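Colleague: Here it is, the structure in full.
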Amino acid sequence: MFNNQYLMESPLENKRLADKVNPKEFIHHYLSEIITPFAKILDVGCGPATISIELSRVFPTTKVTGLDISINRLLEINQKQSAQNLMLVSGNLYSLPFPDNTYDLVYSRLLFEYLKYPLKALKEMKRICKIGGTVLVQDINGQFLLHYPENIKLMSQINTIFEALNKDTGFDPNIGRKLYHLFYQSGFHDIQVQLDPYHLIAGKINSTLYQYWKQKLSTVLPHLRKCINHNEIDIKEVITSFLDYLKKNETLTFSNLFTVYGIK
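For the sequence shown, the working numbering assigns the number -1 to the initial residue and increments by one for each residue that follows.
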């Protein structure tokens, strides 16, 4: 992750990130058809490198690089994996430590929502991609924001919180729908867009997912308190109201997942 402060950083983050993805399904649905033998692949914001490790196993003739800003996260992963065709590197997305035209495939999953300068990041990913290579970015649209029936007071508070959080950190819960335009601005050609469901909670949230949301909101709480006027909004009260909303039998909460491909 590449902000000075990654919103979700915590001792439990490696596990949370690993639990959020099925690497075999991700590779099958989004990567397998564009990976060629002996390709050089870069996973930007690899987190616990769950996908990178699986890629190196499934495509043993490729060379996979996983890049993340957290040195501690990468050290923890290196102790558990021994693939010869996988390299883990610490680096900053806004200034990637690779020469121009290095990789056949550069991809990022659920990173751009946290970036203050997503266009700059995408142009840097394009720089290190080979001419004719592919850049893929996948991210969410509508996280926390799409519900029915709406609680007007709660949604007004959530919108106020996200406006302040975006101004302070760049976090954007609607980054998914903006990805196509970012690719267009960056000069990619043959841009393709895929839209899939992501969160879908119809009725009372199950206990496992509830704990996931509770942990996520608990982790981000200190950041919210820094950028929100407590006299205007009681952050803890809003979080409690949101979690209570998810436990109602009559409510629906959802978000979408955008995947955008572009050729350099």
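Glycine residues also receive a C-beta, built at the ideal position from the N, C-alpha and C atoms. The model shown is predicted, which means the values in this text are computed figures rather than measured ones.
Would leucine 143 and leucine 180 qualify as a contact pair, given that the criterion is a beta-carbon distance under 8 angstroms?
Modeller: No.
Colleague: Using DSSP bridges, identify the partner residues of threonine 63.
Modeller: Answer is Leu40, Met85.
Colleague: Could you give the first and the last residue of the continuous alpha helix (DSSP H) run that contains tyrosine 178?
Modeller: Its alpha helix (DSSP H) spans residues 177 to 183.
Colleague: Looking at the unbroken beta strand (DSSP E) that takes in leucine 143, where does it start and where does it end?
Modeller: Where leucine 143 is concerned, the enclosing beta strand (DSSP E) stretches over 127 to 146.
Colleague: What three-state label does DSSP hand lysine 262 in the structure shown?
Modeller: In the structure shown, lysine 262 sits in coil (DSSP, three-state: anything other than H, G, I, E or B).
Colleague: Please identify the residue among Leu177, Pro147, Asn164, Gln192 whose C-alpha is closest to the C-alpha of phenylalanine 240.
Modeller: Per the Cα distances, Pro147.
Colleague: Going by the C-beta, is leucine 222 closer than 7 angstroms to any heavy atom of the ligand ATP?
Modeller: Judged by which ligands are present, the structure shown has none, so any question about the ligand ATP falls away.
Colleague: Can you tell me whether proline 116 is helix, strand or coil according to DSSP?
Modeller: DSSP places proline 116 in helix when its eight states are reduced to three.
Colleague: Are the CB atoms of aspartate 137 and leucine 177 within a distance shorter than 8 angstroms?
Modeller: Taking 8 angstroms as the Cβ cut-off, leucine 177 and aspartate 137 qualify as a contacting pair.
Colleague: By Cβ distance below 7 angstroms, which residues in the same chain neighbour isoleucine 129 in space, the five residues on each side in sequence not counted?
Modeller: For isoleucine 129, where only same-chain residues beyond five positions count, the Cβ hits under 7 angstroms are Asn99, Lys262.
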